[in-house]
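Note sheet for the following structure.
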Amino acid sequence: MVQRGNQGDRGGSDIRRQLFDRVKPAAAWMGAVVITAFLAGCQPSTLGQATASPVVRRAQAEGRVVVYANTDMGGPVVAGFQRRYPQVRVTYRELTSSQIQSAVLAEAASSAPVADLVWSSSMDIQVKLINDGYAQTYKSPEARRLPRWAVWRNQGFGVTAEPVGFAYNSRLLPPDQVPRSHAELLASLRDDPERWQGRIALYDPEQSGVGFMYLSADLQKYPEAWTLMEAIAHSRPGLYVPGGTILSKVAKGEHLIAFNMNRSYADSWAARNDRGVVYQTPTDYHFTVSRVAFVTRAAPHPNAARLFLDYLMSPEGQAKLRESRLTPVIDAADGASPDGATPIRVGPALLANLDQARRDRVLREWRAMLAGEAADGASPPR
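Counting from 1, one number per residue, gives the positions in the sequence shown under full-length UniProt numbering.
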């Protein structure tokens with residue numbers, strides 16, 4: 001029997017409270033953390049700061065920037081920006097990726113938009129919003145630091161390059177028994193299926209946008225992807241939406257291994273909760289995913305949004321991302337990514353994940369595998 005987790009358990013924010021005040025959301029749909037960062041009395045550093053550039057001057061005149069993000073790991077970035085530009089007040093609202101999408105659409109149609117910049121790991125949703133005209137074009141002077149695959153139309157900017165692989169319980173799974181690759185995991189599932197019954201956890205691709213994006217990427221990259229997914233399906237996996245729930249259940253021993261887990265998130269979670277959860281980079285291939293940022297079309301403070309975007313891509317901002325345990329995209333630009341890394345490009349290819357007909361075919365095949373039957377006589381969709 002497939003185990004499906006509580007869809008509502010998202011886990012708590014761990015951003016340092018001494019730097020941020022929590023502010024009640026202004027709208028009912030914002031059932032999320034709202035953080036306002038304003039470090040009174042901080043003096044701006046001059047190291048690496050453009051001198052009186054028009055964007056800086058206009059941003060300071062606007063005096064505020066509102067950021068929507070789907071991570072609680074943005075504390076060091078926000079604090080660093082605020083120290084450098086104390087005249088620009090930052091309001092950081094932590095929402096789910098679907099809430100971000102709904103907010104951008106609703107605010108663009110309203111007379112009182114709120115978000116200036118949105119920043120999310122749901123790459124396909126971000127690309128769709130950009131493709132549908134909800135982003136501003138901005139030729140950032142900092143974008144030259146990024147690899148070409150991380151920038152799309154000077155509108156969408158991937159500011160991280162986070163590996164996706166396996167996380168496992170090191171107390172229950174000895175190092176010599178940890179699958180080192182997708183091929184090893186498939187071989188182990190074939191050789192000893194009983195051992196893996198109920199022992200694998202992953203994002204539910206039917207309920208999680210990130211989970212479906214990972215499944216789609218595997219299908220396009222790995223020739224044995226459907227064979228592996230069928231073996232996982234037959235192992236009665238635990239299917240969940242929040243990554244924190246997956247890692248918590250691995251830590252408790254309810255599952256041995258989390259399949260397709262973001263390393264940045266896993267490392268951060270383990271550091272805060274249980275260092276017995278360890279990440280394994282697959283040796284045959286793995287993806288890097290980016291948190292994509294863009295300035296919204298309806299931004300009330302567009303220059304402050306551009307300044308925040310510049311900061312995210314600057315050497316200082318990238319260092320703050322690393323401090324947050326988010327892998328900076330400049331690591332990939334510098335060739336520091338582990339062997340086998342395949343970046344998911346920021347661009348229109350991601351729109352295929354949102355094609356309803358393709359999505360239905362993929363999920364129909366997946367549901368059939370969970371049920372232990374063939375979906376139809378055709379070849380599985382890619």
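In this text, a Cβ means the ideal position worked out from N, Cα and C, and glycines have one as well.
Computed from a predicted structure; not experimentally measured.
> Excluding sequence positions up to five away, which residues of its chain have a Cβ less than 8 Å from the Cβ of L172?
Replying inline: In the sequence shown, residue 172 corresponds to position 172, counting from 1. Contacts found: G253 and L256.
> Should V97 and S120 be called a contact, given that it needs their Cβ atoms to be closer than 7 Å?
Replying inline: The count along the sequence shown starts at 1 and reaches residue 97 at position 97. The count along the sequence shown starts at 1 and reaches residue 120 at position 120. The question names Val, but residue 97 in the sequence shown is Ser. Taking 7 Å as the Cβ cut-off, S97 and S120 qualify as a contacting pair.
> Grouping DSSP H, G and I as helix and E and B as strand, with all else coil, what is Y265?
Replying inline: As a position in the sequence shown, residue 265 is number 265, starting the count at 1. Annotated three-state conformation of Y265 is helix, per DSSP.
> Whose C-alpha, out of V329, A108 and N70, is nearest the C-alpha of Q99?
Replying inline: Working through the sequence shown from its first residue, we reach residue 99 at position 99. The candidate whose alpha carbon is nearest that of Q99 is N70.
> Do you know how far the Cα of R145 is from the Cα of P328?
Replying inline: The residue given as residue 328 occupies position 328 in the sequence shown. The residue given as residue 145 occupies position 145 in the sequence shown. Approximately 11 Å, taken between the alpha carbons.
> Which same chain residues, not among the five before or five after A108, have their C-beta less than 7 Å away from its C-beta?
Replying inline: Walking along the sequence shown from the start, residue 108 turns up at place 108. So the list reads Y134, R297 and A298, once near-sequence residues are dropped.
> Any idea what DSSP makes of E206, helix, strand or coil?
Replying inline: Walking along the sequence shown from the start, residue 206 turns up at place 206. Coil.
> Roughly how many whole angstroms lie between the Cα atoms of S111 and P300?
Replying inline: Taking the first residue of the sequence shown as position 1, residue 111 is located at position 111. Taking the first residue of the sequence shown as position 1, residue 300 is located at position 300. For S111 and P300, the distance between alpha carbons rounds to 11 Å.
> How far does the alpha helix (DSSP H) with P76 in it reach, from first residue to last?
Replying inline: Taking the first residue of the sequence shown as position 1, residue 76 is located at position 76. Start and end: G75 to R84.
> Buried or exposed: where does T137 fall if 16 or more other Cβ atoms within 10 Å of its Cβ makes it buried?
Replying inline: One-based indexing of the sequence shown puts residue 137 at position 137. Sixteen is the threshold: since fewer than 16 other Cβ atoms of the shown chains lie within 10 Å of the Cβ of T137, the residue is exposed.
> For N169, which residues does DSSP report across the bridge?
Replying inline: Against the sequence shown, residue 169 aligns to sequence position 169. When beta bridges are read from the DSSP output, N169 appears opposite V277.
> Per the contact definition of three or more C-beta pairs closer than 8 Å, is the region 345–361 in contact with the region 174–187?
Replying inline: Contact fails between the region 174–187 and the region 345–361, because fewer than three Cβ pairs, one in each stretch, are under 8 Å apart.
>> Taking only three categories from DSSP, how would you classify S53?
In response: In the sequence shown, residue 53 corresponds to position 53, counting from 1. Of the three classes helix, strand and coil, the one that applies to S53 here is coil, per DSSP.
>> Please state the DSSP three-state secondary structure of T227.
In response: Residue mapping note: residue 227 aligns to position 227 of the sequence shown, counting from 1. Note: T227 maps to helix in three-state DSSP.
>> Within 10 Å of its beta-carbon, does G317 have 16 or more other beta-carbons around it, so buried, or fewer, so exposed?
In response: In the sequence shown, the residue the question calls residue 317 occupies position 317. The residue is buried, with at least 16 neighbouring Cβ atoms inside 10 Å.
>> Can you tell me where the alpha helix (DSSP H) holding H182 begins and where it ends?
In response: As a working mapping, residue 182 is identified with position 182 in the sequence shown. Element bounds for H182: H182 to D191.
>> On the CB-based measure, 16 or more other CB atoms within 10 Å of its CB, does G372 come out buried or exposed?
In response: Counted from its first residue, the sequence shown places residue 372 at position 372. By the beta-carbon neighbour count (other beta carbons within 10 angstroms, threshold 16), G372 is exposed.
> Looking at the unbroken alpha helix (DSSP H) that takes in R93, where does it start and where does it end?
Replying inline: Residue numbering aside, residue 93 sits at position 93 when the sequence shown is read from its first letter. Going by DSSP, R93 is part of no alpha helix (DSSP H) but of the beta strand (DSSP E) stretching over R89 to E94.
> Smallest Cα separation from D132: which of R148, G156 and W149?
Replying inline: Counting from 1 along the sequence shown, the entry for residue 132 is found at position 132. Ranked by how close their Cα comes to the Cα of D132, the residues R148, G156 and W149 have G156 in first place.
>> Less than 7 Å between the beta carbons of E142 and A304, yes or no?
In response: Here residue 142 refers to the residue found at position 142 of the sequence shown. Here residue 304 refers to the residue found at position 304 of the sequence shown. In this structure, A304 does not lie closer than 7 Å to E142 by Cβ.
>> Beta-carbon within less than 8 Å of R359's beta-carbon, same chain only, minus the 5 sequence neighbours each way: which residues are those?
In response: Locating residue 359 in the sequence shown gives position 359, where the first residue counts as 1. Setting aside the 5 residues that flank it on each side, R359 is surrounded in the same chain by F212 and N353, each with a C-beta closer than 8 Å to its C-beta; the list follows chain order.
> Would you call E194 buried or exposed, if buried means 16 or more other Cβ atoms sit within 10 Å of its Cβ?
Replying inline: Along the sequence shown, read from residue 1 onward, the residue named residue 194 stands at position 194. Answer is exposed; the Cβ neighbour count stays below 16.
> Among residues of its own chain, excluding the 5 on either side of E323, which ones have a beta-carbon nearer than 6 Å to its beta-carbon?
Replying inline: In the sequence shown, counting from the first residue as 1, residue 323 sits at position 323. Here the set comprises P76.
> In this structure, does DSSP put G372 in helix, strand or coil?
Replying inline: If you number the sequence shown from 1, residue 372 lands on position 372. Here G372 sits in coil by DSSP.
>> Using DSSP's beta-bridge definition, name the partner residues of S120.
In response: If you number the sequence shown from 1, residue 120 lands on position 120. S120 is bridged to V292.
> When we look at the beta-carbon of L351 and count the other beta-carbons within 10 Å, is it buried (16 or more) or exposed?
Replying inline: Residue 351 sits at position 351 when you count from the first residue of the sequence shown. Counting every other CB atom within 10 Å of its CB across the protein chains shown gives L351 a total below 16, marking it as exposed.
> If we count the other Cβ atoms within 10 Å of its Cβ and call it buried at 16 or more, is P175 buried or exposed?
Replying inline: For the purposes of this step, residue 175 is taken as residue 175 along the sequence shown, with counting starting at 1. By the neighbour-count rule (16 or more Cβ atoms within 10 Å), P175 is not buried but exposed.
>> Starting from A319, trace the alpha helix (DSSP H) in both directions and tell me its first and last residue.
In response: Along the sequence shown, one-based indexing puts residue 319 at 319. In the DSSP annotation of this structure, the continuous segment of the alpha helix (DSSP H) that includes A319 starts and ends at P315 to E323.
> Is it buried or exposed for R263, if we count other Cβ within 10 angstroms and need 16 for buried?
Replying inline: Position 263 of the sequence shown, counting from 1, holds the residue named residue 263. Residue burial annotation: R263 is buried, with at least 16 other C-beta atoms found within 10 angstroms of its C-beta.
>> Looking at F308: is its Cβ nearer than 7 Å to the Cβ of L117?
In response: Working through the sequence shown from its first residue, we reach residue 308 at position 308. Working through the sequence shown from its first residue, we reach residue 117 at position 117. Cβ distance < 7 Å, so F308 and L117 count as in contact.
>> Which residue marks the beginning of the alpha helix (DSSP H) containing L247, and which one marks its end?
In response: Mapped onto the sequence shown, residue 247 falls at position 247. It spans G243 to K252 - the alpha helix (DSSP H) in which L247 sits, taken as one unbroken run.
> Hey, out of A266, T342, A332 and R272, whose CA is closest to D284's CA?
Replying inline: As a working mapping, residue 284 is identified with position 284 in the sequence shown. Between D284 and the set A266, T342, A332 and R272, the nearest pair of CA atoms involves T342.
>> Within a Cβ cutoff of 7 Å, which residues of the same chain sit near Y265, ignoring the five residues on either side of it in sequence?
In response: Locating residue 265 in the sequence shown gives position 265, counting from the first residue. G243, listed in sequence order.
> What is the DSSP secondary structure of N131, reduced to helix, strand or coil?
Replying inline: Translated into positions along the sequence shown, residue 131 becomes position 131. The answer is helix: DSSP assigns N131 an H, G or I state.
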